[in-house]
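Participant: First residue of the sequence shown? That's 1 in our numbering, and the numbers climb one at a time after it.
From the three backbone atoms N, C-alpha and C, an ideal C-beta is built for every residue, glycine too.
These figures come from a predicted structure and were not determined experimentally.
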Amino acid sequence: MPEPDDWSRDVWEFCELTATELERFFQSASEAIAAIASEAEAALVADWTQTWEEFWDALGVDEQPYEPDVLLFAEERWEPMATSVVAGADWNPACVGCRHYHGYVYGENFLVCAMHPYGSEDDTCPDWEGKPPPLPPRYRF
């Protein structure tokens, strides 16, 4: 009869083997998906480029007045327009918990809220309002 330690060790080894094989499977699947996406992107860009060139040729234009947007999308990486800044004890302490707090940086411009775009100059804000209570479950979407 097998010892209890052998049984638990066998289960543990099975779990480790399963985790290793799953990790290997997902790694190879993600590599395959990335390769397919890269090939699809290259094919789409080539197709769009050819379509645009045929379009301009049909119009009789030798030089294109602008580069097709699809090529710009393929060449650039999009960066988010705005980044979020959370109000805290060190940064806009008067705004912590206020329902009007916006807290986004657009380019190099930080917008705190509509009433105080640069933040409150004092430790308290005269326009501070707490966040509304959550809706009851029957009114939630």
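Do D127 and M115 count as a contact pair if the criterion is CB distance below 7 Å?
Facilitator: Cβ distance < 7 Å, so M115 and D127 count as in contact.
Participant: Name the one or two DSSP bridge partners that T83 has.
Facilitator: T83 is bridged to V105.
Participant: Pull up the distance between the alpha-carbon of E31 and that of A89, whole angstroms please.
Facilitator: Near 44 Å, if we compare the C-alpha coordinates of A89 and E31.
Participant: Can you tell which of C98, R99 and T83 has its C-alpha closest to the C-alpha of V105?
Facilitator: Checking every option, the nearest Cα to that of V105 belongs to T83.
Participant: Apart from the five residues on each side of it in sequence, which residues of its chain come closer than 6 Å, Cβ to Cβ, to C113?
Facilitator: Around C113: H100, Y101 and H102.
Participant: Quick one: what does DSSP say C98 is sitting in, helix, strand or coil?
Facilitator: DSSP places C98 in strand when its eight states are reduced to three.
Participant: If you drop the 5 nearest sequence neighbours on each side, which residues of the same chain put their C-beta closer than 6 Å to that of F14?
Facilitator: Contacts found: none.
Participant: Considering Cα atoms alone, identify which of G119, T49 and F110 is closest to C98.
Facilitator: Nearest of G119, T49 and F110 to C98, Cα basis: G119.
Participant: By Cβ distance below 6 Å, which residues in the same chain neighbour C125 in space, the five residues on each side in sequence not counted?
Facilitator: Excluding positions up to five away in sequence, the list reads A94.
Participant: Cα separation between S28 and A42?
Facilitator: Those two C-alpha atoms are separated by around 21 Å.
Participant: Classify A46: buried if its beta carbon has 16 or more other beta carbons within 10 angstroms, exposed otherwise.
Facilitator: It is exposed - the Cβ of A46 has fewer than 16 other Cβ atoms within 10 Å.
Participant: Give the straight-line distance between the Cα atoms of E121 and A87, rounded to the nearest whole angstrom.
Facilitator: E121 and A87: Cα-Cα distance of roughly 14 Å.
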